[in-house]
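Undergrad: Residue numbers (the working numbering): 1 to 122. Yeah, the Cβ is synthetic: ideal placement off N, Cα and C, and Gly gets one too. Quick caveat: nothing in here was measured; it's all calculated off a predicted structure. Here you go, one structure.
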């Protein structure tokens, strides 16, 4: 009889495969919930920067700037903030827009994730 002394079988058991599959699914679901939050933040930052660098809005009043953001937010489907959440300032004659907002994503039952963002146009 031939024996395999020194060789140990290795591999993934059914239990191990189920464990890693569950972990992989949980990470994928978490990623699908978190990624849109950061995409929205990048879109908001892009819109604030575009408005701040628009020469036609450099001498505009606050309501015109907020209207410009509202139009861009509607096109980009931004719902986490509104135009009234934007802080408008001037720094050395240059228009600076900023916004602070919180996004809360429910995960399971009473567990949720909270994201605090402070976005500026510069």
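(1) Taking only the alpha-carbon atoms, compute the straight-line gap between residue 16 and residue 77 and give it to the nearest angstrom.
(2) Give the straight-line distance between the Cα atoms of residue 110 and residue 118, rounded to the nearest whole angstrom.
(3) Identify, in the order they occur along the chain, each residue of the same chain with its Cβ nearer than 8 Å to the Cβ of residue 62, setting aside the five sequence neighbours on each side.
(4) If we ignore side chains and look at the alpha-carbon of each, how far apart do residue 58 and residue 23 end up?
(5) Can you tell which of 10, 122, 32, 19 has the C-alpha that lies nearest to the C-alpha of residue 92?
(6) Please list, in chain order, all residues of the same chain as residue 47 whose beta carbon is under 6 Å from its beta carbon, the five residues on each side excluded.
(7) By how many angstroms is the C-alpha of residue 68 removed from the C-alpha of residue 51?
(8) According to DSSP, which residues form a beta bridge with residue 99?
(9) Where does residue 76 sit, in a helix, a strand or coil, going by DSSP?
(10) How many Å lie between residue 53 and residue 95 at the Cα?
(11) Have a look at 112, 45, 75, 65 and flag the residue whose alpha-carbon is nearest the alpha-carbon of residue 101.
TA: Taking the coordinates as given:
(1) As a working mapping, residue 16 is identified with position 16 in the chain shown. As a working mapping, residue 77 is identified with position 77 in the chain shown. Roughly 42 Å between the two C-alpha positions.
(2) The residue given as residue 110 occupies position 110 in the chain shown. The residue given as residue 118 occupies position 118 in the chain shown. Taking the straight line from one Cα to the other gives about 26 Å.
(3) In the chain shown, the residue the question calls residue 62 occupies position 62. Residues 88 of the same chain have their beta carbon placed closer than 8 Å to that of residue 62, with the five preceding and five following residues left out of the count.
(4) In the chain shown, counting from the first residue as 1, residue 58 sits at position 58. In the chain shown, counting from the first residue as 1, residue 23 sits at position 23. Residue 58 and residue 23: Cα-Cα distance of roughly 51 Å.
(5) Along the chain shown, read from residue 1 onward, the residue named residue 92 stands at position 92. Per the Cα distances, 122.
(6) The residue you call residue 47 lines up with position 47 of the chain shown. The residues are 72.
(7) Residue 51 sits at position 51 when you count from the first residue of the chain shown. Residue 68 sits at position 68 when you count from the first residue of the chain shown. Inter-residue distance for residue 51 and residue 68 is about 7 Å (C-alpha atoms, whole angstroms).
(8) Looking up residue 99 in the chain shown gives position 99. Answer by DSSP bridge pairing, in chain order: 86, 119.
(9) If you number the chain shown from 1, residue 76 lands on position 76. Reduced to three states, the DSSP call for residue 76 is coil.
(10) Within the chain shown, the letter at position 53 stands for residue 53. Within the chain shown, the letter at position 95 stands for residue 95. Using only the alpha carbons, I get a separation of about 8 Å.
(11) Here residue 101 corresponds to residue number 101 of the chain shown, with the count starting at 1. Nearest option by C-alpha distance: 45.
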